[in-house]
Amino acid sequence: MKSRIISNISEVSKQDWDQCAKSTNPFCSYGFLNALERSGCASADTGWLAQHIIAENDLGDVVGVMPLYLKNHSQGEYVFDHAWANAFENACGHYYPKLQCSIPFSPVTGPRLMGENAETKKLLLDTAINHAEQSGVSSLHFTFIEQDEIDVMTSHGLLQRQDQQYHWLNDGYRSFNEFLEALSSRKRKNILKERRGALENDIEIELIQAHEICEHHWDHYFEFYINTANRKWGRPYLNREFFSILSENIPENLLLIMAKRNGHYIAGALNLIGKDTLYGRYWGATEHHKFLHFELCYYQAIEFAIKNGLGKVEAGAQGDHKIARGYVPVATNSAHWIENPSFKDAIERYLNQERRAVSQDIEYLKEFIPFKKNPLK
Numbered sequence: 049m050k051s052r053i054i055s056n057i058s059e060v061s062k063q064d065w066d067q068c069a070k071s072t073n074p075f076c077s078y079g080f081l082n083a084l085e086r087s088g089c090a091s092a093d094t095g096w097l098a099q100h101i102i103a104e105n106d107l108g109d110v111v112g113v114m115p116l117y118l119k120n121h122s123q124g125e126y127v128f129d130h131a132w133a134n135a136f137e138n139a140c141g142h143y144y145p146k147l148q149c150s151i152p153f154s155p156v157t158g159p160r161l162m163g164e165n166a167e168t169k170k171l172l173l174d175t176a177i178n179h180a181e182q183s184g185v186s187s188l189h190f191t192f193i194e195q196d197e198i199d200v201m202t203s204h205g206l207l208q209r210q211d212q213q214y215h216w217l218n219d220g221y222r223s224f225n226e227f228l229e230a231l232s233s234r235k236r237k238n239i240l241k242e243r244r245g246a247l248e249n250d251i252e253i254e255l256i257q258a259h260e261i262c263e264h265h266w267d268h269y270f271e272f273y274i275n276t277a278n279r280k281w282g283r284p285y286l287n288r289e290f291f292s293i294l295s296e297n298i299p300e301n302l303l304l305i306m307a308k309r310n311g312h313y314i315a316g317a318l319n320l321i322g323k324d325t326l327y328g329r330y331w332g333a334t335e336h337h338k339f340l341h342f343e344l345c346y347y348q349a350i351e352f353a354i355k356n357g358l359g360k361v362e363a364g365a366q367g368d369h370k371i372a373r374g375y376v377p378v379a380t381n382s383a384h385w386i387e388n389p390s391f392k393d394a395i396e397r398y399l400n401q402e403r404r405a406v407s408q409d410i411e412y413l414k415e416f417i418p419f420k421k422n423p424l425k
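Residue numbering for the sequence shown follows our numbering, beginning at 49 and increasing consecutively.
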């Protein structure tokens with residue numbers, strides 16, 4: 049087998065990429081990554097220079113792929129290393145550029161070593177490390193990796209890091225009411241109150257899927273997205289063209305949950321549909337209505353997952369308020385290659401302490417889960 053590095057995902061075919069990815073996760077698909085690159089959202093100009101790794105067998109067939117980017121900043125990653133960058137530059141030199149194996153702007157766990165067998169995955173990882181060494185970068189980061197990739201990466205000398213998110217888990221519920229019955233009486237009443245409150249002022253909810261999503265829907269949704277992006281991040285990571293290309297590339301994976309008042313759209317949330325998971329991504333609004341955020345992003349997502357037999361809803365990073373609404377804390381993982389031995393030792397000591405703290409936080413948060421019978425015990 050051999051490997052090579054490409055500077056644009058279009059240098060490999062959709063069929064070859066998706067055949068290697070074999071993923072139930074739409075974020076790892078050719079269509080999603082292609083939309084980021086074609087729209088210019090992930091590009092050299094935005095600090096995401098593609099360095100994707102392709103593995104080929106002796107016949108020249110593509111048997112493995114890895115999404116990889118050369119970066120000159122740490123924005124849009126959701127595994128925060130800004131403190132590392134500051135410490136490194138104060139003590140050792142330049143932290144940037146670095147190599148980042150991730151899905152840009154998406155804190156979503158998924159495969160990163162996407163190959164047909166263990167040998168292929170090892171080649172992908174070896175190639176990434178060799179590329180980091182030869183490029184002279186300070187570090188190589190694999191973020192939001194799957195559980196079975198941790199041992200492979202730590203055996204290659206990478207350092208494990210943990211954080212936590214909130215996910216809703218489907219315990220075989222046949223309806224939203226059945227889910228509510230699993231909650232304590234007080235939490236159940238609170239959710240019902242919030243759902244009623246969200247629909248006051250003549251607000252209507254509309255679910256739009258796949259080819260039903262038209263350009264005018266994206267126009268309204270993008271206005272919501274920009275409003276949130278400007279308020280929370282200072283600038284948006286995604287442009288209007290991205291959503292049109294995404295709709296062209298993977299329509300079957302898209303769900304817009306929109307709110308209307310007096311016939312006009314006033315809020316919306318974008319979700320991506322995987323084989324067994326609904327991924328909640330971006331939300332925004334042009335009018336403020338109490339509880340509307342919870343209705344669009346959490347309750348409608350749960351209801352959709354139950355109706356469609358999905359096992360999980362991932363509602364994005366952060367937000368302790370999600371616990372009271374049925375979402376539970378789960379660990380997320382990343383792995384990090386650090387070139388400088390002294391800096392690596394310091395980071396390793398820090399990560400050992402951080403993992404213990406994350407584990408303690410998760411155990412503490414479990415005590416606040418609103419279920420009559422704690423599903424995590």
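C-beta atoms are modelled at their ideal positions from N, C-alpha and C, and glycine is treated no differently. Quantities reported herein were computed from a predicted structural model and do not represent experimental measurements.
From the listed residues Gly141, Gly357, Asp368, the smallest Cα separation to Asp219 is found for Gly357. DSSP places Tyr330 in the strand class (E or B) of the three-state scheme. In the structure shown, the three-state DSSP call for His130 is helix.
Per DSSP, the unbroken alpha helix (DSSP H) holding Leu399 starts and ends at 389 to 414.
Note that the C-beta distance between Thr168 and Gly112 is below 8 Å. For the beta strand (DSSP E) assignment, the uninterrupted runs of no fewer than 3 residues enclosed by the region 172 to 244 are, from N- to C-terminal side, 187 to 193, 207 to 217.
Inter-segment contact for the region 64 to 82 and the region 117 to 126 is absent: fewer than three beta-carbon pairs are separated by less than 8 Å. A contact is defined here as three or more CB-CB pairs under 8 Å, and the region 343 to 359 fails this definition with respect to the region 154 to 163. Cα atoms of Pro284 and Asp267: separation of roughly 15 Å, rounded to the nearest angstrom. Closest option to Gly316, judged by alpha-carbon separation, among Glu335, Pro299, Trp65: Glu335.
For Gly112, the enclosing beta strand (DSSP E) has its first and last residue at 110 to 114. Counting only residues of its own chain and dropping the five nearest sequence neighbours on each side, Lys235 has a CB closer than 7 Å to the CB of Ala372, Pro418.
Beta-carbon to beta-carbon, Leu207 and Ala383 are separated by about 7 Å, close enough to satisfy the 8 Å threshold.
A direct Cα-Cα distance of roughly 20 Å separates Glu252 from Leu302. Within the same chain, Cβ atoms closer than 6 Å to the Cβ of Lys62 are found at Tyr78, the five residues on either side in sequence being excluded. Ser122 counts as buried, since at least 16 other C-beta atoms from the protein chains shown sit within 10 angstroms of its C-beta. According to the DSSP secondary-structure assignment, Cys149 is paired through a beta bridge with Phe190. Beyond the five residues adjoining it in sequence on each side, Glu137 comes within less than 7 Å, by CB distance, of Tyr143 in the same chain, given in chain order. The three-state secondary structure of Ala363, taken from DSSP, is coil. By the criterion of at least three beta-carbon pairs nearer than 8 Å, the region 93 to 106 is in contact with the region 49 to 60. Of the residues assessed, Pro389 falls on the exposed side of the cut-off, its CB having fewer than 16 other CB atoms within 10 angstroms.
Its Cα nearest to that of Phe339, the residue Arg243 stands out among Ile198, Asp93, Arg243, Gly184.
Setting aside the 5 residues that flank it on each side, Gly124 is surrounded in the same chain by Pro152, Phe153, Tyr285, each with a C-beta closer than 6 Å to its C-beta; the list follows chain order. Within a 10 Å sphere around the beta-carbon of Ser407 sit fewer than 16 other beta-carbons, which makes this residue exposed.
Shown here, Phe352 sits in a helix according to DSSP, grouped into three states.
Here Ala69 has Cys76, Met162 as same chain residues with Cβ atoms under 6 Å from its own Cβ, once five neighbours each way along the sequence are excluded.
C-alpha of Val378 to C-alpha of Ala365: approximately 11 Å in a straight line.
In its chain, beyond the 5 residues on either side, Gly79, Phe80, Ala83, Leu302 have a beta carbon closer than 8 Å to the beta carbon of Leu294. Boundaries around Tyr269 are those of the alpha helix (DSSP H), 263 to 280, since no beta strand (DSSP E) includes it.
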